[in-house]
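Under the UniProt record's numbering, the first residue of the sequence shown carries the number 423, and numbering increases by one thereafter.
Structure record follows, encoded as structure tokens.
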Amino acid sequence: QKCIPKNMVQAAIKNVEKLAEQKNIFINSYYALEDNEYVAADYDKTIWVINNFLTNAIKYSFHDEKIQVSVEKIDSMILFSITDTGKGIEEKYHRQVFDRYFQVPGEHHNGTGLGLAISKNFIEKQHGEIGVKSSIKQGSTFYFKLPLLKNNE
Ligand code: ATP
Ligand code: MG
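What follows is the structure, encoded as structure tokens:
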């Protein structure tokens with residue numbers, strides 16, 4: 423499927439609007455793509471992933487913080503990143519957060535620990551790549567890359 427990244431991000435942000443308002447969190451977005459640049463992906467599944475990243479970012483942020491969503495082109499891929507300024511994740515857990523049922527120990531969580539495992543599965547099935555950059559107390563950036571499509575492709 424040929425999808426417009428901006429539309430997917432906007433749909434996902436709309437889904438979490440209420441949740442963000444409850445913590446007075448502002449979601450800012452940035453799109454660095456040309457009009458003829460699309461992403462090759464399943465529209466609904468990709469929104470699901472962005473939604474999961476945003477829900478996590480809100481859940482693990484403090485009140486009154488900001489979340490940054492950005493979409494840019496890197497080589498032949500489109501990079502989506504969601505950055506929060508929340509509690510962060512220790513480096514030793516960076517791989518495990520994508521495992522089924524894994525939640526960072528020593529914290530009170532709600533949810534099942536499945537969101538990121540499902541996200542990884544979706545993205546990898548769509549020939550993409552998923553990852554996290556984070557350090558404790560510095561916030562987190564969760565990102566994924568999916569193949570770029572140009573208008574005439
Ligand atoms: P679910 O998504 O199934 O409702 P969940 O949010 O706990 O539950 P995942 O989305 O898979 O599960 O995330 C796994 C774990 O990774 C979380 O429990 C949390 O410990 C950690 N985590 C995920 N996103 C963030 C983030 N933005 N900041 C800090 N920790 C995070
Ligand atoms: Mg989650």
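Ideal placement from N, C-alpha and C gives every residue a C-beta, glycine not left out.
DSSP on residue i, reduced to helix/strand/coil?
i, result
"PRO527", "coil"
"LYS559", "coil"
"GLU494", "strand"
"GLY553", "strand"
"PHE566", "strand"
"ILE545", "helix"
"ILE511", "coil"
"LEU538", "helix"
Where does the unbroken alpha helix (DSSP H) through residue i begin, and where does it stop?
i, result
"GLU443", "427 to 444"
"ILE480", "465 to 481"
Thinking just about the alpha-carbon of each residue, which of the options is nearest to the one in residue i?
i, options, result
"ILE449", "VAL438, GLU459, LEU455", "VAL438"
"GLY561", "HIS530, ASN458, THR507, GLN548", "THR507"
"ASP497", "LYS424, ASN573, LYS567", "LYS567"
"THR505", "ILE489, ILE472, GLN518, HIS516", "ILE489"
"GLU512", "ASN532, ILE558, ARG522", "ILE558"
"ILE500", "LEU441, GLN423, TYR460", "TYR460"
"ILE545", "PHE564, HIS530, GLY535", "PHE564"
"HIS530", "ALA463, VAL491, TYR482, LYS424", "TYR482"
"LEU570", "GLU443, LYS436, ALA462", "ALA462"
"LYS440", "ILE480, ASN458, ASN532", "ILE480"
"ASP521", "ILE435, LEU536, GLU494", "LEU536"
What span of residues does the beta strand (DSSP E) with residue i cover, start to end?
i, result
"LEU501", "499 to 506"
"ASN450", "448 to 454"
"SER459", "Correcting the residue type first, residue 459 is Glu in the shown sequence and not Ser. First-last of the beta strand (DSSP E) with GLU459: 459 to 462."
Buried or exposed: residue i, going by 16 or more other Cβ atoms within 10 Å of its Cβ?
i, result
"ASN478", "buried"
"SER556", "buried"
"ASN573", "exposed"
"GLY550", "buried"
"ASN474", "buried"
"ALA454", "exposed"
"PHE484", "exposed"
"TYR452", "exposed"
"LEU476", "buried"
Check: Any chance the region 514 to 525 sits against the region 428 to 447, with 3 or more Cβ pairs inside 8 Å?
Finding: no
Next item on the list: Say whether the region 461 to 481 touches the region 529 to 541, bearing in mind that this needs 3 or more beta-carbon pairs closer than 8 Å, one atom from each stretch.
Entry: yes
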